[in-house]
Amino acid sequence: MPEFVRTLLTKAQMAEGVAALAKNICDANQGAESLALVGIFTRGVPLATRIAAEIEKLGCTKVFVGTIDLTQYRDDLNTFQMVPKLEGSDIAFDLDGLNVVLCDEVIFTGRSVRAALEELLNFGRPQRVQLAVLVDRCGREFPVQPDFSALKVTLAAGERVAVRFEEVDGQDSCTVQTQASPR
Amino acid sequence: MTPRKDLLDIASLTDEEIAFVLDNAVPFKDLFKRSVKKVPTLKGRTMLTLFYEPSTRTRSSFEVAASRLSADVTHFDIESSSVVKGESVLDTVETLEAMRVDYIVVRHKQSGTPNLIARNTRASVINAGDGWHAHPTQALLDAFTLREIHKDLRGCRALIVGDIQHSRVARSTSLMFRRLGMNVAYLAPGSMMPREVPQEIPQFGNWRDAFDWKPDVIYLLRVQSERLDEPFFPTAAEYHKNYGLTNERVEILRERGLHLMHPGPVNRGVEITDTGMNYEKCLINQQVENGIAVRMSVLYWLRPGAVE
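Chains as they are written, first to last, in the numbering used here: chain C, 1 to 183; chain X, 1001 to 1308.
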């Protein structure tokens, strides 16, 4: 079935969005001795790494970076035609007492964030957990809202936000894909 | 990776499936370092252990693995069940089918029983040892343990020592090692050497010749205590002297930096001494720990009700 694709953010706008997220996270965490940015696998990981780099440029605080793999937390694994390979979470620092910012490229239903919180708390007891996303789109099924977002959009049910990062996909892009209805 | 319903032996696994199970065991093992060693992957599912033969570590290893994946775990107690009144395996399976368990972990003295059960249930069946036939999760955990030491096992040499003829561990692990490109040799008394050994597997009757083959790892098999009275060797002391890992042989392992494995439980003083157990390159405890991670990986991969 053919797809219509329209750009939501250009590469430059994505970079501006990341810089804005870093600035807002710094402002909201003034006085914190250190921050931990934890990316939700897959594309939350490059987002977390880029925000961390921007925060370090701003010199506001020390930043740890970790990753969370939610595969083991999916409640729909049984419906998968293929069993996914696990990446595993990697949080190689002590979370206790830290301000943690979970990072994901898009928030939609809120289910991933709920699962990420469950996995995160298996590593320790952070002081505070915030959520940063590049794109916040409507359609929440769980009462979870981002603290920081670069772009907020309202999309129709059949539309899908696709964010690509050079580190994972070989290019930076942020588009909306709409599947054409069959005639 | 395509899901599979049952795990019955190593021979039916593809290379890709073996790699999938071994690779996914790594993140599962990472869980053990955390204070909360549990994920909700199998929440709401039930694993039942059905052991017609006694077991210490395999059964508890499966139970810990399932618990860490949040599955409910139950044990079908053969000793106090209708099996002792003469109920057949298939009648038992029918009962379990009615209970709608998702995984059945089976050990049975009769080769092929897990296959029979697998054909008659929607549950995923995992062979935890059947007769002389197979013990696939032991082979997978052995491979996983060696892979932690030698990233690429190709060309690595394993000497398997002991009652090879009657050992399902030897059968599965030997096949597994060869599938991963390792060279395997056997050291056993004539009475415990299989009649038909694949041509690529050298056979030795004494340690001197076996050491000359330059193994990287020594894999000792358990001398099954029930066989100690059978005429496979004169006495336990005689077996130890000729085929056991004596303290002098531990020294040779140390000089050459060889690793030591054993599927457990060990008969101290028969196949291994206390000194051997304390040898710094003895991997027995790692095998036990890795057994949980590998079995978690197997449970994660299998899909109850999937079409085989």
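For each residue, glycine too, the CB sits at the ideal point set by N, CA and C.
Beta-bridge analysis with DSSP links X:Cys1282 to X:Leu1260. Around X:Glu1063, the same chain offers Val1073 as residues with beta carbons nearer than 6 Å, after the five sequence neighbours per side are excluded. Counted as a single uninterrupted DSSP element, the alpha helix (DSSP H) harbouring C:Val45 occupies residues Gly44 to Leu58. For the region 1031 to 1063 of chain X, the beta-carbon criterion of a distance under 7 Å to any beta-carbon of chain C is satisfied by Arg1034, Val1036, Val1039, Pro1040 and Thr1041. Counting every other CB atom within 10 Å of its CB across the protein chains shown gives C:Ser89 a total of 16 or more, marking it as buried. Distance from the CA of C:Glu33 to the CA of C:Phe123, rounded to the nearest whole angstrom, comes to 19 Å.
Short of 7 Å from the beta carbon of C:Glu141, and not among the five residues preceding or following it, lie these beta carbons of its own chain, in chain order: Thr109, Gly110 and Arg111. Between X:Val1089 and the set X:Ser1070, X:Asp1102, X:Arg1100 and X:Asn1115, the nearest pair of CA atoms involves X:Asn1115. The C-beta separation of X:Asp1009 from X:Ala1134 comes to about 4 Å, placing the pair in contact by the 8 Å criterion.
Separation of X:Lys1085 and X:Pro1202 (C-alpha to C-alpha, rounded to the nearest whole angstrom) is 47 Å. Fully enclosed beta strand (DSSP E) runs of no fewer than 3 residues occupy 1072 to 1076 of the region 1047 to 1089 of chain X, in order along the chain. Residues of chain C whose Cβ lies closer than 7 Å to the Cβ of X:Asn1024 are, in chain order, Lys85 and Leu86. None of the residues of the region 1122 to 1145 of chain X has a beta carbon lying less than 9 Å from any beta carbon of chain C.
By the Cβ criterion, the region 1029 to 1042 of chain X is not in contact with the region 39 to 53 of chain C, since fewer than three pairs of Cβ atoms, one from each stretch, lie closer than 8 Å. With a threshold of 9 Å between beta carbons, C:Ser112 makes no contact with chain X. By the 16-neighbour rule on beta-carbons within 10 angstroms, C:Glu3 is exposed.
At a cut-off of 9 Å between C-beta atoms, X:Thr1014 does not count as an interface residue with respect to chain C.
Not a single C-beta of chain C is nearer than 9 Å to the C-beta of X:Arg1295.
The DSSP-derived three-state label of X:Thr1145 is helix. Per DSSP, reduced to three states, the secondary structure at X:Gln1199 is coil, with no helix or strand assignment. For C:Gly17, the enclosing alpha helix (DSSP H) stretches over residues Lys11 to Ala28. When Cβ-Cβ separations below 9 Å define contact, X:Leu1180 makes no contact with chain C.
By the Cβ criterion, the region 157 to 176 of chain C is not in contact with the region 1103 to 1113 of chain X, since fewer than three pairs of Cβ atoms, one from each stretch, lie closer than 8 Å.
Close CB contacts of X:Met1001 within its chain, under the 8 Å cut and outside five residues either way in sequence, are with Glu1016, Glu1017, Phe1020 and Trp1301 (chain order). Ranked by how close their Cα comes to the Cα of X:Val1161, the residues X:Thr1137, X:Val1298, X:Ile1272 and X:Arg1268 have X:Ile1272 in first place. For the region 58 to 89 of chain C, the set of positions with a beta-carbon nearer than 9 Å to some beta-carbon of chain X reads Asp69, Thr71, Gln72, Tyr73, Arg74, Asp75, Leu77, Asn78, Phe80, Gln81, Met82, Val83, Pro84, Lys85, Leu86, Glu87, Gly88 and Ser89 in chain order. For the set C:Ser149, C:Glu105, C:Leu117 and C:Pro126, the Cα lying nearest the Cα of C:Thr175 is the one of C:Glu105.
Chain-ordered, the chain C residues with CB closer than 9 Å to the CB of X:Thr1002 read Gln81, Met82 and Val83.
The shortest CA-to-CA distance from C:Leu98 to any of C:Leu58, C:Lys62, C:Ala156 and C:Gln13 is the one to C:Lys62. For X:Asp1216, no alpha helix (DSSP H) encloses it, and the DSSP letter there is neither H nor E.
Interface with chain C (9 Å Cβ-Cβ cutoff): X:Pro1027 is included. Contacts between C:Phe123 and chain X, judged by CB atoms closer than 7 Å, involve Arg1034 in chain order. Judged by their CB atoms, C:Ala48 and C:Gly39 are nearer to each other than the 9 Å cut-off.
Secondary structure note for X:Gly1129: its beta strand (DSSP E) is the uninterrupted segment Ser1124 to Asp1130.
In this structure, X:Ala1071 is the residue among X:Trp1132, X:Thr1058 and X:Ala1071 with its C-alpha nearest to the C-alpha of X:Val1101. By the criterion of at least three beta-carbon pairs nearer than 8 Å, the region 128 to 135 of chain C is in contact with the region 153 to 164 of chain C.
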